[in-house]
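Chemist: The following block contains the structure, expressed as structure tokens.
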Amino acid sequence: AEINKDFKTNTYVLKVTLKTKVTKGTKNFTNFITGWIDNSKIGDGDQDHPCVPTKDNPCDKNPHGTSHFATLKITKVNDAKEGKGKKVLKGAKFAVYSIKNDSTNLDGVTTQNLATTTDPVKTGTNDDQLTIETGDDGTASVDLFISNDDKTTSKKYCLVETEAPAGFKKDETPHCYAVETETSTNVSATKPVADANSKEIVNAQATELDKILGNLPMTGARGLVILTVCGIVGIAGTLFYIVMKRRKEQEQE
398 AEINKDFKTN TYVLKVTLKT KVTKGTKNFT NFITGWIDNS KIGDGDQDHP CVPTKDNPCD
458 KNPHGTSHFA TLKITKVNDA KEGKGKKVLK GAKFAVYSIK NDSTNLDGVT TQNLATTTDP
518 VKTGTNDDQL TIETGDDGTA SVDLFISNDD KTTSKKYCLV ETEAPAGFKK DETPHCYAVE
578 TETSTNVSAT KPVADANSKE IVNAQATELD KILGNLPMTG ARGLVILTVC GIVGIAGTLF
638 YIVMKRRKEQ EQE
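Residue 398 is where the sequence shown starts when you use the numbering used here, and the numbers rise one by one after that.
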């Protein structure tokens, strides 16, 4: 950015990046900055008695910004219908991604374009990607950043399953959602997650072939097994056709 013309020679610009940790479940917090150069304080902040914004005193003389977060909650279930064996699933692991462009449709993110349409959400610890895992109740929750302003109402995120519950087929399709800002109208003490931010993800039961393929590395071994199975099916189909054709010929004789 262009430096203000009022800045003269011997003017220094100090840029500081501060990584902050807050208690889990904190949805909104405001930073008020007090700066020091050598022994001289800059800014209007009071480090011992920081300004608390009120209606009469908004503390707007301090450089500040308010960040908003919202909780996304997912419930992992099997593909049975309600009352007919439907149950929650423990042990499903997901990697969390944010959609780069807000104009991207939720169904426009695929396995093939995931790398170009999204960014991995980082934990802030060793730059690792944020992951979540469903517990005994089949649910997992994560607090996600929405915006630094009061006008943005949602932000788009995707979950990609990295490990399926035992006995179930891994679903590698990105599950994308517009996570909505939390307000006094959509959350409360008895309903901590907005209805729009509570989602259900279904897992299909794994077949024996799925289990075999799932244990193979993503190399030619998997393709070899698939080709072998297809070959066996093809041979069986051909033999069946020959047997049926000969039987029909014998009946006609």
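Even for Gly, the Cβ is constructed at its ideal location relative to N, Cα and C.
Could you tell me whether the segment 586-599 touches the segment 505-513, where touching means 3 or more Cβ pairs closer than 8 Å?
Modeler: Flag = no, the segment 586-599 and the segment 505-513 do not touch.
Chemist: Give me, in chain order, the residues of the same chain whose beta-carbon lies closer than 8 Å to that of Ala-537; leave out the 5 immediate sequence neighbours on both sides.
Modeler: Looking up residue 537 in the sequence shown gives position 140. Around Ala-537: Lys-470, Ile-471, Lys-473, Ala-489, Phe-491, Ile-529, Glu-530, Thr-531.
Chemist: What runs of the alpha helix (DSSP H), each 4 residues or longer, lie entirely inside the segment 490-536?
Modeler: 511-514
Chemist: Determine whether the beta carbon atoms of Asn-594 and Thr-468 lie at a separation below 9 Å.
Modeler: Locating residue 594 in the sequence shown gives position 197, where the first residue counts as 1. Locating residue 468 in the sequence shown gives position 71, where the first residue counts as 1. Closer than 9 Å, so yes.
Chemist: Have a look at Lys-642, Gly-480, Lys-424, Val-493 and flag the residue whose alpha-carbon is nearest the alpha-carbon of Phe-466.
Modeler: Indexing the sequence shown from 1 puts residue 466 at position 69. Measuring from the Cα of Phe-466, the nearest candidate turns out to be Lys-424.
Chemist: Expressed to the nearest angstrom, what Euclidean distance is found between the alpha-carbon atoms of Thr-463 and Thr-514?
Modeler: By one-based count along the sequence shown, residue 463 stands at place 66. By one-based count along the sequence shown, residue 514 stands at place 117. Each residue's alpha carbon lies about 27 Å from the other.
Chemist: Compare the beta carbon distance of Asp-568 and Glu-558 with 9 Å and say whether it is the shorter of the two.
Modeler: Position 171 of the sequence shown holds residue 568. Position 161 of the sequence shown holds residue 558. Yes, Cβ-Cβ distance for Asp-568 and Glu-558 is below 9 Å.
Chemist: In terms of residues, what are the limits of the beta strand (DSSP E) holding Glu-560?
Modeler: As a working mapping, residue 560 is identified with position 163 in the sequence shown. First-last of the beta strand (DSSP E) with Glu-560: 551-560.
Chemist: By how many angstroms is the C-alpha of Ile-629 removed from the C-alpha of Arg-644?
Modeler: For the purposes of this step, residue 644 is taken as residue 247 along the sequence shown, with counting starting at 1. For the purposes of this step, residue 629 is taken as residue 232 along the sequence shown, with counting starting at 1. Their backbone Cα atoms lie some 23 Å apart in a straight line.
Chemist: For Val-576, count neighbouring Cβ atoms within 10 angstroms of its own Cβ and tell me buried if that reaches 16, exposed if not.
Modeler: On the sequence shown, position 179 is the one that residue 576 refers to. Counting Cβ neighbours within 10 Å, Val-576 comes out buried, since at least 16 surround it.
Chemist: Would you tell me roughly how many angstroms separate the C-alpha atoms of Lys-552 and Thr-520, rounded to the nearest one?
Modeler: Taking the sequence shown and counting its residues from 1, the one referred to as residue 552 is at position 155. Taking the sequence shown and counting its residues from 1, the one referred to as residue 520 is at position 123. Cα-Cα distance, rounded: 18 Å.
Chemist: Count the other CB atoms within 10 Å of the CB of Glu-479; is the residue buried (16 or more) or exposed (fewer)?
Modeler: Along the sequence shown, one-based indexing puts residue 479 at 82. By the 10 Å Cβ count, Glu-479 comes out exposed.
Chemist: Which class does Val-576 belong to by DSSP, given the choice of helix, strand or coil?
Modeler: Here residue 576 refers to the residue found at position 179 of the sequence shown. Val-576: strand per DSSP, three-state reduction.
Chemist: Would Glu-558 count as contacting chain C if we go by Cβ distances under 9 Å?
Modeler: The chain inventory of the structure shown lacks chain C, comprising one protein chain alone.
Chemist: Would you decide whether Ile-543 is buried or exposed? Buried here means 16 or more other CB atoms lie within 10 Å of its CB.
Modeler: In the sequence shown, counting from the first residue as 1, residue 543 sits at position 146. Counting Cβ neighbours within 10 Å, Ile-543 comes out buried, since at least 16 surround it.
Chemist: Rounded to whole angstroms, what's the CA-CA distance from Ala-477 to Glu-597? Just pull it up for me.
Modeler: Against the sequence shown, residue 477 aligns to sequence position 80. Against the sequence shown, residue 597 aligns to sequence position 200. Going from the Cα of Ala-477 to the Cα of Glu-597 covers about 13 Å.
Chemist: Taking the C-alpha atoms as reference points, what is the distance between Lys-483 and Ile-639?
Modeler: Sequence index remark: in the sequence shown, residue 483 carries index 86 (1-based). Sequence index remark: in the sequence shown, residue 639 carries index 242 (1-based). Using only the alpha carbons, I get a separation of about 44 Å.
Chemist: Take Ala-398 and list the residues in its own chain whose beta-carbon comes closer than 6 Å to its own, dropping the five residues that flank it on each side.
Modeler: Residue mapping note: residue 398 aligns to position 1 of the sequence shown, counting from 1. Confidence at Ala-398 is low in this model, with a pLDDT of 43, below 50, so the placement of that residue is unreliable and no value is reported for it.
Chemist: Which residues in the same chain have their Cβ closer than 8 Å to the Cβ of Asp-592, if we skip the five residues on either side of it in sequence?
Modeler: Translated into the one-based positions of the sequence shown, residue 592 becomes position 195. Within the same chain, Asp-592 has close Cβ partners Asn-583.
Chemist: For Gly-535, tell me which candidate among Thr-625, Asn-600, Tyr-574 has the shortest Cα-Cα distance.
Modeler: Here residue 535 is taken as the residue at index 138 of the sequence shown, counted from 1. Ranking Thr-625, Asn-600, Tyr-574 by Cα distance to Gly-535 puts Asn-600 first.
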